[in-house]
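Read the structure below first, then the notes.
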Amino acid sequence: MLVQLDRVSFQYSGHPPVLRDINLSLQTGEICALVGRSGVGKTTLLKLVNGLLLPTAGTVLVEGRETRLWDGIRLRRRIGYVFQDVGLFPHMTVEENVSIVPRLEKWAPARARARAHELLDLLGLPSASFAGRRPPALSGGQRQRVGLARALAADPSILLMDEPFGALDPLTRSEVRQEFARVQTQLHTTVIIVTHDIAEAFALAGRVGVVDRGELLIYDTPRNVASSGDPRVRAFIDAVPPRLPH
Amino acid sequence: MPVVQFWLTHRGELMTLLQQHVVLVFVSTLVAVGIGIPAGVAAARRPRLGRAILVAASAAQTVPSLALLGFLLPVPFIGGVGPRTALVALVIYALLPIVRTTVTGIRNVDPAVIEAGVAMGMTRRQLLWLVQLPLALPSIIAGIRVAAVIGVGTTTIAAAIGAGGLGEYIFRGLSMVDTTTILAGAIPAAALALSVDGLLALLERRIRRGRTTLAGAARAAAAAALIVMIFAMAAIARTGGGAVVVVGSKNFTEQVILGELLAQAIEAEGGVRVLRKLNLGGTFICDRGLRTGELDVYVEYTGTAVSAVFHEDVPRDSRQAFERARDLYARVGLTARDPLGFNNTFAVLVRTGDARALGLRTIDDLRAVERTWIPGFGYEFLQREDGYPGLVRTYELRFAVQPRAMELSLIYPALAGGQVDVIAGDATSALIESLELTQLEDSRQYFPPYDAIPVVRTASLLRHPEIGRALARLAGRISTDDMRELNAAVDLDRRPVQLVARGYLARLPRVEQ
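Here the protein sequences line up with chains G and X, keeping their order.
In short: position in the first sequence from 1, add 17, done, that's my numbering.
In short: position in the second sequence from 1, add 214, done, that's my numbering.
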């Protein structure tokens, strides 16, 4: 197992638990989507995986090793992270943004550069015209792709995506999403994606988890989730016009 | 344009003062950057520490610059007459804007960007250097810009404690009541402020547009540092190494002339180089300079020495006053040499027109006008026991209005212009005649003798016998009339101090010892 959460709970001291008794595992190359309303603890779960937070109970294993035993900096350099606000470094060019983790990892400059160009080309941003631009000169969709390229640059074993397409208009959103699906099939990266859009989850993921009030209600294949009899899962699925996969 | 004329005739001096000014501003700003940015970073990261740092920096900023210089003068290691004290004060002033903009710059970095950096596995240090500082840089540069521009202005005040710079012209001009000289310092200072502002604004704009990076800014700073170092080296080379005698003076015309006269007389003896620290901001600063060894010699007045420096009553007899001063100085390792020959006592002055109309002859006669007249005095005179307090006690004067306190140099024009009605000036002032003023007789012999005496560090006198020979050449050779003439040559005829001093010295024979 690449990622394994074993009876994980998390709470800030003096506050009610954010996550309760979560069990979840993920194999190399799998895509898992976590769906749920805003504020149910999805982002917290991602931060438990990259070691920004440590569980108050239970264990989180990454590559077979507990996150509390990992050096946090090392761990995060092996894990790509994409989030809604993207957070591109506005003072760096697109190329500098994409190659940041390789550079932190002391790759040879030529190699870091080549990798950045390769990823930009792969994500449909021709490096010849995009490498030297700065984030403020990009559209929302372009920024999101640069953010994705940046997260993938140092060949991470896991990619965490927190509402990665949330800020995009519907058209761009489906475009970037397809781009992502195509790239993923090429790179076979393991992905945990957090979204409140269950259709998106069904479209992208091999496994879907539904999170509600800190609990993982179900964690299964899209088909099984879609046909779940659990009224709480049903309530969530039926609230959204479903576009079921075949 | 008389100012242009002035610059042309004072080219060399102007360049030196400009150099000193630039070096003072640059070095102080650089040091403030070195302290301010780390302090700002620490303050941005720890809010409680940050508040303390900002409060301290703000408090330092509120101390008036002259007062701050005054506080620093007696502090060991950093105090003293000269550029060192000025640098410390300038650094203190430059800190606040730099700290504040560093804090603002770092706190205003988009949290999403920080989050991305952390999630990318940046260490705190990498986050600071790769993300926070580069993004805060335009803000920090804006702070440095404010600090440097303030620095150019504050540095003019540093001339009061002998730090040099363009302020020398401003103070010299003030003491001579000469607008041209004031402008000769004020215009280049303003131009310097504008160009510093413009250059840094340019840098700020380039950074905001992303044309210059942190590394680029660092390179620019390094290049500027190199240029200023060369500047400073040149300035130091000009003052040179080797044996140096430092001559000081207070900040009014007579003192500057006497300082220059002393300097030229010592130079004429050969063997040592003379450094002039003229126009220092008062008795206290000159005395402090002598005792700390920053000055070797300056001219004091017997009455001032005994009362203002040593806080004793001054004997009314000229000879006794001198001997008392000599004994007191001897105890602190200083030597009072023979009087130069003139007595620059305080002169209570009124407009000649008033004196005639009201029949004023002695200070006693002022009681007739004490209900309506406005007195005006210098700060030192108001404060000193042998000044205003004793004067009104001795003559039983009760002025209805508080005396106006003003710069010594502004007092004469204020009297002539009618803003005040009676002042205390120098008996040797050339302005008495030219502004049509009349000296009231000190019928109760309130003012003690103020014979001019050179005061030298005894150690310097032993090390450099040239000083002794030069002082012997001047002893007893300057009468009150001579002094008034010298003052008139500078104050009224606008002749350069150097030339006036040179002409006078040429009339005095060298002394063989």
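Where is the CB? At the ideal position from N, CA and C, for every residue including glycine.
If you check each beta-carbon in the segment 320-338 of chain X against every beta-carbon of chain G, the ones closer than 8 Å belong to D324, A326, V327, I328, E329, A330, G331, V332, A333, M334, G335, M336 and T337. Listed in chain order, the alpha helix (DSSP H) runs fully inside the segment 549-623 of chain X are 566-572, 593-597 and 602-608, counting runs of at least 4 residues. Per the Cβ contact rule, the segment 456-467 of chain X is in contact with the segment 496-507 of chain X (3 or more Cβ pairs under 8 Å). Per the coordinates, the alpha-carbon of D696 (chain X) lies some 29 Å from the alpha-carbon of G632 (chain X). For V115 (chain G), the enclosing alpha helix (DSSP H) begins and ends at V111 to V115. Taking C-alpha positions only, S26 (chain G) is separated from R199 (chain G) by approximately 34 Å. Among the residues facing chain G, Q219 (chain X) is not included, as its CB has no counterpart in that chain under 8 Å away. In the DSSP assignment, the residues bridged to P668 (chain X) are X:V513.
Residue-level contact check: Q346 (chain X) does not touch chain G, since none of the beta carbons of chain G fall below 8 Å from its beta carbon. Close to chain G, meaning a Cβ-Cβ distance shorter than 9 Å, is no residue of the segment 461-493 of chain X at all. For the segment 414-436 of chain X, residues whose beta-carbon sits nearer than 8 Å to a beta-carbon of chain G comprise G424 and T427.
Listed as beta-bridge partners of M178 (chain G) by DSSP are G:V99 and G:I210. For the segment 347-359 of chain X, the set of positions with a beta-carbon nearer than 9 Å to some beta-carbon of chain G reads P348, L349 and L351 in chain order.
Secondary structure in the segment 131-178 of chain G: the alpha helix (DSSP H) runs of 4 residues or longer, each lying completely within the stretch, are 144-147 and 157-169 in chain order. P553 (chain X) counts as buried, since no fewer than 16 other beta carbons sit within 10 angstroms of its beta carbon. Between H678 (chain X) and V513 (chain X), the gap from beta carbon to beta carbon reaches 8 Å or more.
Taking a Cβ-Cβ cut-off of 7 Å, the neighbours of H108 (chain G) in chain X comprise P348, L349 and G424, given in sequence order.
Contact annotation: in the segment 126-140 of chain G, no residue has its CB less than 9 Å from a CB in chain X.
Within chain X, no C-beta atom comes less than 7 Å from the C-beta of D172 (chain G); the nearest is roughly 14 Å away. Contacts between Y29 (chain G) and chain X, judged by CB atoms closer than 9 Å, are missing: the closest CB pair is about 18 Å apart. Between the segment 587-594 of chain X and the segment 695-711 of chain X, the count of Cβ pairs shorter than 8 Å is below three; the stretches do not touch. Close CB contacts of T516 (chain X) within its chain, under the 7 Å cut and outside five residues either way in sequence, are with A535, F536, A539, P663, Y664, D665 and I667 (chain order). Listed by position along chain G, the residues whose Cβ is nearer than 7 Å to that of Q340 (chain X) are L121. The count of Cβ pairs closer than 8 Å, one atom from the segment 610-628 of chain X and one from the segment 366-384 of chain X, stays below three, leaving the stretches out of contact. In this structure the segment 345-356 of chain X does not lie against the segment 296-309 of chain X, because fewer than three pairs of beta carbons, one per stretch, are closer than 8 Å. If you check each beta-carbon in the segment 55-69 of chain G against every beta-carbon of chain X, the ones closer than 8 Å belong to N67 and L69. Taking all protein chains in view, the Cβ of M215 (chain X) is surrounded by fewer than 16 other Cβ atoms within 10 Å, so the residue is classified as exposed.
Cα atoms of S279 (chain X) and Q161 (chain G): separation of roughly 53 Å, rounded to the nearest angstrom. Note: A638 (chain X) is bridge-paired with X:V562 in the DSSP secondary-structure output.
About 18 Å separates the CB atoms of N40 (chain G) and L177 (chain G); that is not less than 8 Å, and the two are not in contact. By the Cβ rule, the segment 359-368 of chain X counts as touching the segment 407-421 of chain X, because three or more pairs are nearer than 8 Å.
In chain order, G424 make up the part of chain X whose C-beta sits under 8 Å from the C-beta of R151 (chain G). Taking 8 Å as the cut-off, the Cβ atoms of F556 (chain X) and I471 (chain X) do not count as close. For chain X, the residues of the segment 74-93 of chain G that bring a beta carbon within less than 9 Å of one of its beta carbons are G89, I90, R91, L92 and R93, in chain order. Collapsing the DSSP output to three states places V460 (chain X) in a strand.
In this structure R386 (chain X) is buried. Its beta-carbon is surrounded by 16 or more other beta-carbon atoms within 10 angstroms.
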